[in-house]
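Here's the structure we're looking at; comments come further down.
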Amino acid sequence: MNNVPYADQKIRTREMVIIIANAVIGVGILTFPRSIAKETDAFDGWISVLIGGAAVCLIGWLLGKLASRFPTRTYFDYVALIVGRPFAYLLTLLFGVYSILMVSFEVRAVGNIAKQYLFTNTPVEMITLAFLLIVQYAVAGSRMALLRLNLIFLPIVLLVILMVQMYTLRFLEWENVRPFFSTDWTTLLKGAKGVTLSMSGPEIVLFYTLLMKRPQDAPKSVILGLAIPVLLYMTIYMVIIGVFSAAVARNLTFPTIELAKGVEVPGGFIERVESLFFTIWIMTIFNTCTIWFDLTITALRSVFTRLSKFAWILILSPIIYLIAMQPQNQVEFLTFGDRLSYIGVVIAYAIPLLLLTIAKLRGVKESD
Amino acid sequence: MASQLKRRPQQTPDLSTPLYPRLEENLTAIKQTLGNPQDLIVRTFSIDNTSLTCAVVCFDGLVDSDLINDKVVKHIQLTLPASGKKLPPPGEEMLTFLLREVLSTIEVKLESTFEAMYDRVLAGDTALFVDGTAQTIVIDSRGWQTRTIDEPVSEGLVRGPREGFTENIRDNTMLVRRRVRDVQLRFDTMNVGRRSKTDLIIAYMQDIANPALVQEVKRRLATIDVDEVEESGFIEQWIEDDFLSPFPQCQVTERPDKVASALFQGRVAILLDGTPMGLIVPVTFSMLLHSPEDFYERWIVGTLARLLRYVAAFLAVFSPALYVALVTYHPGLIPSDLAFSIAATREGVPFPAFVEALLMVATMELLQEAGLRLPKPIGQTVGIVGGLVIGESAVSAGLVSPVMVIVVALTAIASFAIPAYNLALTFRMIRFVVMFAAAIFGLYGVVLMFVAIFIHLANLTSLGVPYLTPFAPQLLNDWKDLLLRAPVTFMRKRPETGQPKDHIRMKTGDAP
Amino acid sequence: MIDRRFVRTALIGLCAFLTAGCWDQLPIEERGFVIGVAIDFPRSSAAEEAAEKEAPDRPEGRWRFLVTHQFVVPGGLVSGSQQRGVQGSGNEAFLNIASEGDSLLEISSELATRSSRIPFYQHLKVLIISEEVAKANHAFADALDFFLRDPELRRSSKVMIAKGDARPVLEISPINEKLPAMYINAVAENIQKNARILPEIWLGECHENLMNEHSFVLPRITSNEKEVKVAGAAVFNGKSNRMVGFLGEEETEGLNFLTDRVKGGMLKAVLDRELVTFNIESASRKIKADTRHKERMRFAYTITCEGVIDETFKPMNYLSKDALKTLQDHLAKEIERMARDTIRKVHKQMKTDVLGLGTYLKQEHPHLWKQLKHDWEYGRNYFASSEIDVKATVYIRNVGEINTTETRSRNEVR
């Protein structure tokens, strides 16, 4: 029933911004302060965030450019146009594998953190399974519905994060903040590397541009969409260092959650705000997971065209679950994450940039 | 959906037979087909002092007897001879003559088949037969007892009109027409139910409503193929997009002012004879939480009331679940003093928090259901007193803790604050599901359920319109009427939810 | 269509699986809320010897701790309740259980063998450590490790050092309060009324202090049978994280002035042999440093204090500018006296920089700090060889409702 034209198929630019912001705000937001504080001293990490964020913005913009050259083609199609079908098969499959790993990682992240902060006895398998089921439910519905959920959840997430920061501001000690500008550039860049790696997400634009109302706005929407997490990361970092001091921050496993722990809502109505924070965070991870899962299905369906979406969901879910359960402890999990981000740099950044260059050189465009 | 009910074979005999020319034959056939019921009136009389006999066939109780007596029988019996007009010979010509010159009722029509005549007579019209003519004049004479126009029972307001629909569709259309005196108002009629032949009216504004929407509504209604349609609920269930969803996809209202404003928003209203409940489609989640009073009061009041209702909606669904989750899984979240006092008051309670919550909420449901069945004055008191008494006794018996009683009371009150009754019913159901989730996974379960509910809402459509508009497809213009209610002079455009054709509702936005 | 139905049924089937267990469910009344913990060294070695006999090869830690947990007994909180099902546990709303062991976690789990309720730390309000533990090598940090690492705990519990043993502090039976730990918690927050209470230090802040190398202070708590006194401070050396000594009440007040932690309190001054008391409303301080010679750095504190006269035994006209000026000077001298006492003790005796000078240098002269931070309190000990001076100014904003209480002649003999 398509009697309401706006209802379905096309995403508006503004909505794309929100989707990208949501995809990027993920597990990284909990761990990044530690990795920056390890490198830089005191307060200056915010510069690292800015640099790292700018780098991602640039890459994302270029990815958007690539996708918007082919406004109505799927990833598979335009890769095929640029480098031929066999490579397209390979690259799309690689992307599919990468996104499966992303989903597994995020799903396991939820399980781990829920286990650490919300539960003691419940096995992490059950927690992860429950989450995976809800993700499946979302992916089984319509794609547009999935993307619309981003629009609803992001404002809530942002609101809660900002509230946490506001309430913890009073614990900010200036002695942790000053001195300014005491770190040198090489350390800042090292910190920036950590930021760039933890901000994976803009590559979804490669797949979703064709759903946009105005595909030529894709690059712009990537930049705007990344601006939100970058600003958020900056403020979070500043508050964390101000409240905890860099020395402590590099010792906290999840500094952002620790920040939320310290919130005291006046009136004593809610005490352990970090549980609230955490439940809100689940929502944004959920969004990230569903987007990646949807990407996996899209990618794999372009290669193996005969299986239906539901069949794919049934096949992929056990695989994702098994992969998610692979890391045996926190350390293995974090290593998994690190390796995954390196893989991501290759598959999601390097290869598409290469494709863009080839496309430009060979003058490949939509009309071909 | 059409495949849900199989086609039933035709059971009634073939009634597309033409009428007989002879009066006695017609009358006999009528009496035989209808089984000669007591309320069938067959009054024969003669025209003039000729030997021509006429007969009037109608159902006692359905017809306005004064009309028949005065305007039909009397005219033919007395006035016609007095006027000295010449009667043409029996046949169609004569009937036309009667129609034009003699009968002084407004609605008259010529019919020539039994089927058509039965349709009209059973609806409350009167059939006038003249001997020698194989046609009949059907006169609209509907005048049965209807309920007076009263305050709508399920949607009372403090400020607002106190007129509600009745079971008579004519009254209802009157109420709507009085509010929409525009030439573009359309009332398209349909007949639903093969044997109940209930009148149904589709109301919309021709120049505002999206034609595709109207088309779709008509298409779905046309697929209805059952014997009888008793209430608009049946229509609602037939035309809704997803019958498995607990959420209502049509808005049900008894208020003509609601219908009128909906029409001006470009939506379509469905009125059914025999029930005061009208349907409005399409509907979104936020519309179900709006009340006309938001518009009749000033904007600050309206905004606050609306925000309160959103909070109430959240509480109505999640309070018991949050209680269970916090008490059982995360007592650390509760402020220390409260946590200790809850623990203290729960000392002697034999059940775990979840069972306690389940018991209390189930009891509350029972009370609500019971309150519906009892006569009006007793029903309300039983609801309140029953709740208090049962709560108190349960607490002193040590079965439940006092905090649980408060939580349940809060939930009940919150669900009463929802303007749409069908949505409140939905919340009652979902409450249980969320409680189960809370019992299994605590706060994590509640969050997952929250997400799951939203997934469902995001996928749901009401006649093609996504249920979460304007949150989801973000129609920022509509946000003036969403959580807030912007001052009247700001709301210059129509809500885009229904994709109306005409966007401007106010010429200028300047206040006087 | 079929696919969707199958998927849905499969999902529903899986959900049935989930109801198999609610592992973490624990009714609230079965949790043992721990609101206070006291950590001591054991007085007798009986338990240790017993454990040694039982398992001579078991792993041992550096220290043995005697930990007292204060549990809330919720039933005792609700006095005279209408519930018939409640077993009246007398008037006691709390229960102290002491236990010994090498590790806090071991002690905590040992409690499960003795108490019907499992310790639940999410509402922990106060953590009291005995001075002996604070003075021992690394014992303080070890004791805190469990509380910092376990995710169940919050970083906002207050940490205090007890003069003497920590256990008696929790074992007081306050008259009007039901829960000693909550009472202690509330007392520690009264800094608006008294400048001798060191503002509360949270567990999280303790972690920060332990991690960086600045010396720090913690509030001191003393107790007798029925009540506690939170006044004074325990001074810790930044590098070794060991306690080096206590500061008395007045010294703590001086410290608060010097470190800008005063939120209220009172000052006494003697004017013509009569007492005048001043109610502090706010105070602030500034530091100026002369760092030209590292060996003899000079620091000058400027303390500003505002308040009102709340009580006085000297009859005079308070509404005159001169009178107020004299008074302000006397009060300022009083602040300087207290501050100098503190400085003498901290600077010369303890040689520990809890005055915040190191932090000041780090912020204002970061390059200098980088050079000498290893010699600040140790090595060449530039801190000890520096000079510190204090200057105070007091502003009296108001003298209250009355001018004098009674009229006395000038020559009246006291």
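Chains as they are written, first to last, in our numbering: chain A, 1 to 368; chain B, 1001 to 1512; chain C, 2001 to 2414. The beta-carbon is built from N, C-alpha and C at its ideal position, and this holds for glycine as well. Being a predicted model, the structure only gives us computed values, none of them experimental.
Residues near residue i in its chain [Cβ-Cβ closer than 7 Å; skip 5 each side]
i, result
"Phe333 (chain A)", "Arg108, Asn112, Pro327"
"Leu62 (chain A)", "Leu353, Leu356"
Residue-level contact to chain B via CB, residue i, 9 Å cutoff
i, result
"Tyr349 (chain A)", "no"
"Val2159 (chain C)", "no"
"Lys2125 (chain C)", "yes"
"Met212 (chain A)", "no"
"Ala138 (chain A)", "yes"
"Met163 (chain A)", "no"
Buried versus exposed call for residue i [16 or more other C-beta atoms within 10 Å across all chains shown]
i, result
"Ile1378 (chain B)", "exposed"
"Thr2405 (chain C)", "exposed"
"Glu1101 (chain B)", "exposed"
"Tyr1310 (chain B)", "exposed"
"Gly72 (chain A)", "Going by the sequence as given, residue 72 (chain A) is Thr instead of Gly. Per the 10 Å Cβ criterion, exposed."
"Gln1145 (chain B)", "exposed"
"Asn121 (chain A)", "exposed"
"Phe1354 (chain B)", "buried"
"Phe304 (chain A)", "exposed"
"Trp174 (chain A)", "exposed"
"Gln2192 (chain C)", "exposed"
Between the CA atoms of residue j and residue i - distance to the nearest angstrom
i, j, result
"Glu1111 (chain B)", "Ile1068 (chain B)", "18 Å"
"Arg250 (chain A)", "Ile36 (chain A)", "8 Å"
"Ala2231 (chain C)", "Leu151 (chain A)", "54 Å"
"Leu356 (chain A)", "Trp185 (chain A)", "31 Å"
"Ser1046 (chain B)", "Val1121 (chain B)", "21 Å"
"Gly45 (chain A)", "Tyr349 (chain A)", "24 Å"
"Gln1184 (chain B)", "Glu1231 (chain B)", "28 Å"
"Tyr2378 (chain C)", "Ile134 (chain A)", "59 Å"
"Leu172 (chain A)", "Lys2125 (chain C)", "22 Å"
"Thr92 (chain A)", "Gly2101 (chain C)", "59 Å"
"Ser2223 (chain C)", "Gln2025 (chain C)", "39 Å"
"Lys2351 (chain C)", "Leu2361 (chain C)", "17 Å"
"Ala311 (chain A)", "Val1389 (chain B)", "55 Å"
"Pro944 (chain B)", "Thr1253 (chain B)", "What the structure shows of chain B is the stretch from 1001 to 1512, and residue 944 (chain B) is not part of that stretch, so it cannot be assessed."
"Leu1221 (chain B)", "Gly225 (chain A)", "44 Å"
"Pro1331 (chain B)", "Val110 (chain A)", "21 Å"
Nearest-angstrom beta carbon gap, residue j and residue i [assumed within contact, 8 Å]
i, j, result
"Leu1315 (chain B)", "Thr1411 (chain B)", "7 Å"
"Glu2387 (chain C)", "Arg2296 (chain C)", "7 Å"
"Val1434 (chain B)", "Met1449 (chain B)", "5 Å"
"Ser2099 (chain C)", "Glu2110 (chain C)", "5 Å"
"Phe1114 (chain B)", "Leu1019 (chain B)", "6 Å"
"Ala1424 (chain B)", "Ile1418 (chain B)", "4 Å"
"Val1268 (chain B)", "Leu1358 (chain B)", "The pair is not a contact, with the Cβ atoms about 41 Å apart (cut-off 8 Å)."
Any C-beta of chain A under 9 Å from that of residue i
i, result
"Leu1333 (chain B)", "yes"
"Ser1003 (chain B)", "Annotation note: pLDDT 42 at Ser1003 (chain B) (below 50); position unreliable, coordinate value reported separately. So, not an interface residue."
"Ala1203 (chain B)", "no"
"His2207 (chain C)", "yes"
Contacts around residue i, its chain only, beta-carbon distance under 6 Å, and the 5 residues preceding and following it disregarded
i, result
"Glu274 (chain A)", "Ile257, Ala260, Lys261"
CB contact check: residue i to chain C, cutoff 9 Å
i, result
"Glu1347 (chain B)", "yes"
"Val1327 (chain B)", "yes"
Interface partners of residue i on chain D, CB under 8 Å
i, result
"Leu118 (chain A)", "In summary, chain D is missing from the structure at hand, where the protein chains are A, B and C."
Spatial neighbours of residue i in its chain, beta-carbon cut-off 8 Å, leaving aside the 5 residues before and after
i, result
"Cys1054 (chain B)", "Leu1023, Thr1044, Phe1045, Ser1046, Ile1047, Ile1076, Leu1128, Phe1129, Val1130, Asp1131"
"Met283 (chain A)", "Phe153, Ile156, Val157"
"Gln1237 (chain B)", "Phe1243"
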